[in-house]
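2 protein chains.
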Amino acid sequence: MQYLEERDLDYIGIGAAILGSGGGGDPYVGKLMAKQAIREHGPVKLIDADDLDDDALIIPSAMMGAPAVMLEKLPNGREPEMAFRSLEQYLGKKADAVMSIEAGGLNSCIPIYTAACLGLPLVDADGMGRAFPELPMVTFSVAGMSATPMVLCDEKGNKMLLETVTNAWSETLARTATVAMGLSAMISIYCMSGRNLKDYGVRGTISLAREIGKRLLHASQGKHNPIDSVLEVTRGFRLFEGKIIDIKRDLTTGFVRGSVTIEGMDSCKGSIFELLFQNENLLGLKDSVPAAMTPDLITVLDREKGFPITTENLKYGRRCTVVGMPCDPFWRTEKALQQVGPRYFSYDFDYKPVETLAKEC
Amino acid sequence: MQYLEERDLDYIGIGAAILGSGGGGDPYVGKLMAKQAIREHGPVKLIDADDLDDDALIIPSAMMGAPAVMLEKLPNGREPEMAFRSLEQYLGKKADAVMSIEAGGLNSCIPIYTAACLGLPLVDADGMGRAFPELPMVTFSVAGMSATPMVLCDEKGNKMLLETVTNAWSETLARTATVAMGLSAMISIYCMSGRNLKDYGVRGTISLAREIGKRLLHASQGKHNPIDSVLEVTRGFRLFEGKIIDIKRDLTTGFVRGSVTIEGMDSCKGSIFELLFQNENLLGLKDSVPAAMTPDLITVLDREKGFPITTENLKYGRRCTVVGMPCDPFWRTEKALQQVGPRYFSYDFDYKPVETLAKEC
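Here is the structure:
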């Protein structure tokens, strides 16, 4: 039986932020919250999806909104439990486990916080294996499951329960509510049975995040290159090395949208890399040619230490390495690409896997 | 025992639209819905607040949004029941009666529709005795009661349940949701006990609306002046007679805001009347001098027939009579004026009763 201790949060925070592809929130706030909860309530049991009965009830816990806002508008700490309990009450059933819906610095830590506070186990899985900006971009949604009933709670104490006719309507109504709540809220969403989880979940995301974080931190302390250590475990590629020379960032309709321009250094000298994002990094162009695209993972790492730099932390002058990592195979199916592929985000490219693009480069 | 028959809807639709002060929606759609429901389910029992036990549960039913939208985006008819039943389910208790929250062509008819569909009695009362644009502008709110739990349902089938920390937050979150739902939604709100209703409700609004409508319709058919018949029963005043020469109307942040300019005719020849509204008519200025102001009722009537013209139906060239009527005494208290007086709406005037202004004119 595995347990998540305080120390694991350092690993998971970093590893999940790398899987978060620039989104899913900076790990700092979520890590502190989860550590504090573990200190108070004890370690969190990490269970495998197969450990759950088919009729078990699993409720994911997450932050919704623009991650940039969470750097200043802090949660009061009671929202995740309030959202979770309200959904249980609405369903008339107690949950058996907590889950994260996406991998991200914040959104992998919040469910650990929630699990610790509630004394429930955390399932080693999620609905993406990375982070995506919109609610229907979840394996469970592509498989036909409903995002609702869902509950949103803000730090003022306001609570909203939604039942919608489509997951696109969940996105619209929850997003406008999140904006009205101040651009961030804690949610419980995509409640599911053990059977649903086993059928459609992305397995092992938490332990993968921990493994990535552990290797990176140990490499930073030793002689191994920290970025190499990340690429080994994620089967990823170095896409670009350089210095951030421009950032456009726009907080509109509940998202952080923008782009960052990186001027090449060393082997990339003379080249320009442009990275486009909507909460998450979605398209990387090296000299206007695609180097990686959604749904593959694109993450900006600190060039020296290998630490992930989420979209809200991109700053002029930072030396960075952009890495590309293959997504979970689920996302490469035709049906999934319609929901998360480059054309969904209005980029005029057909999807090509990062492995293929890396060879062409 | 009184019952509301189909014929009463013709009276109530008109009378309530007059009490609606330009807002509360055009009666047409609501009247058709309520008549149809009475035809299908039988007449609706109209009861007095005093007929209810102190611990009875009363749930008001209403439309929220910009009335102008309801002229084209029709309800599917199931939303009021869905909102009502969802709130009952959330409270874990069956309601004893339906109520209207405001007087208005639409918002006095919708509760009759809901009561007919559910086979419940309608209480002869509301929370305003007129219509107001924002959720906290209700006697119950001024008395300290919570607007939530409330439920919003749209014609697509989406449902939202809100629990907020203040009624101002109910307004913010429900308003943004209404906008996202397409600028109109059906709601159940301000659920209350029989005791609360007896303590804070505005009594007799439905029968007053019916009386106004009946007198007006009968006057139109006979020799009595229809506008005089309205003023007799509402103790109101003729403020202006003229022709609409300009309308500014803006659909922003979920409201219809604007102003109408009326050029004087006959005894008002040479004068200009300006009427400012936010869903409801809020301030009438005759040659820049206040003639009536919120919370007193200001309604535009057709000059010949006396029929009310709601803000969404104001049109260039219409000959009209503007009337002012005293509001329920509750609204003239200091505490209530802070919530609904002219200064709340950023008009730089101290409140003066319409009776006083009529004398000064």
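Residue numbers (my numbering), protein chains in the order written: chain A, 1 to 361; chain B, 1001 to 1361. The C-beta atom is built at its ideal place from N, Cα and C for all residues, glycine as well. Bear in mind the structure is a predicted one, so any value in this text is a computation, not a measurement.
Distance cutoff 8 Å, beta carbons only. Does residue i sit that close to anything in chain B?
i: residue 145(A); result: no
i: residue 256(A); result: no
i: residue 164(A); result: yes
Can you list, in chain order, the residues of its chain whose CB lies under 7 Å from that of residue i, leaving out five sequence neighbours each side?
i: residue 63(A); result: 25, 70, 106, 107, 110, 184 and 186
i: residue 287(A); result: 271 and 272
i: residue 328(A); result: 129 and 202
i: residue 1134(B); result: 1171
i: residue 1303(B); result: 1241, 1319, 1320 and 1321
i: residue 1274(B); result: 1259, 1261 and 1285
i: residue 268(A); result: 240, 241 and 242
i: residue 371(A); result: Past the boundaries of the shown model lies residue 371(A); chain A is included only from 1 to 361, so the question cannot be answered.
i: residue 173(A); result: 162 and 164
i: residue 1041(B); result: 1116, 1117 and 1119
i: residue 1(A); result: 45
i: residue 168(A); result: 136
i: residue 357(A); result: 290, 291 and 292
i: residue 1351(B); result: 1293, 1337, 1341 and 1342
i: residue 1153(B); result: 1079, 1082, 1083, 1159, 1185 and 1186
i: residue 234(A); result: 212 and 325
i: residue 1093(B); result: 1057
Who are the near neighbours of residue i in its chain, counting only those whose CB is closer than 6 Å to its CB and skipping five residues on each side?
i: residue 115(A); result: 44, 98 and 122
i: residue 295(A); result: 327, 331 and 340
i: residue 1178(B); result: 1064, 1065, 1185 and 1254
i: residue 197(A); result: 49 and 58
i: residue 56(A); result: 96 and 194
i: residue 1246(B); result: 1261
i: residue 1257(B); result: 1250 and 1278
i: residue 1006(B); result: 1035 and 1038
Less than 8 Å between the C-beta atoms of residue i and residue j, yes or no?
i: residue 242(A); j: residue 262(A); result: yes
i: residue 1021(B); j: residue 1298(B); result: yes
i: residue 1311(B); j: residue 1255(B); result: no
i: residue 1204(B); j: residue 1058(B); result: no
i: residue 1112(B); j: residue 1004(B); result: yes
i: residue 1314(B); j: residue 1300(B); result: yes
i: residue 66(A); j: residue 282(A); result: no
i: residue 366(A); j: residue 265(A); result: Given that chain A is displayed from residue 1 to residue 361, the structure contains no residue 366(A) and the question cannot be resolved.
i: residue 1125(B); j: residue 1136(B); result: no
i: residue 127(A); j: residue 220(A); result: no
i: residue 1083(B); j: residue 1103(B); result: no
i: residue 317(A); j: residue 291(A); result: no
i: residue 68(A); j: residue 1176(B); result: no
i: residue 8(A); j: residue 210(A); result: yes
i: residue 189(A); j: residue 60(A); result: yes
i: residue 236(A); j: residue 230(A); result: yes
i: residue 1090(B); j: residue 1149(B); result: yes
i: residue 1280(B); j: residue 1023(B); result: yes
Using a Cβ-Cβ cut-off of 8 Å (strictly less than) and excluding sequence neighbours within five positions of residue i, which residues of its own chain qualify?
i: residue 81(A); result: 114, 117 and 118
i: residue 10(A); result: 31, 213 and 217
Query raised in the report: What residues in the stretch 1231–1251 of chain B have a beta carbon less than 9 Å from any beta carbon of chain A?
Result: Interface annotation for the stretch 1231–1251 of chain B against chain A: empty, criterion Cβ-Cβ distance under 9 Å.
Query - Selection of the stretch 1134–1162 of chain B by Cβ proximity to chain A, strictly under 7 Å - result: So the close ones are 1156, 1157, 1158, 1159, 1160, 1161 and 1162.
Report task. Using a Cβ-Cβ cut-off of less than 9 Å, list which residues of the stretch 1169–1181 of chain B approach chain A; keep chain order. Result -> For the stretch 1169–1181 of chain B, which is checked against every Cβ of chain A, the residues closer than 9 Å are 1169, 1170, 1172, 1173, 1175, 1176, 1177, 1179, 1180 and 1181.
**Report entry** Inter-stretch contact at 8 Å, needing at least 3 Cβ pairs: the stretch 206–225 of chain A / the stretch 7–21 of chain A
**Finding:** Counting C-beta pairs with one atom in each stretch, the stretch 206–225 of chain A and the stretch 7–21 of chain A have three or more that are closer than 8 Å, which means they touch.
Query raised in the report: Is the stretch 133–141 of chain A touching the stretch 325–344 of chain A, taking contact as three or more C-beta pairs under 8 Å?
Result: In short, these stretches touch, since the Cβ pair count reaches three.
Report task. Count the CB pairs spanning the stretch 74–86 of chain A and the stretch 156–172 of chain A that are closer than 8 Å, and state whether there are at least three. Result -> Two segments are said to touch when three or more pairs of C-beta atoms, one from each, lie closer than 8 Å; by this definition the stretch 74–86 of chain A touches the stretch 156–172 of chain A.
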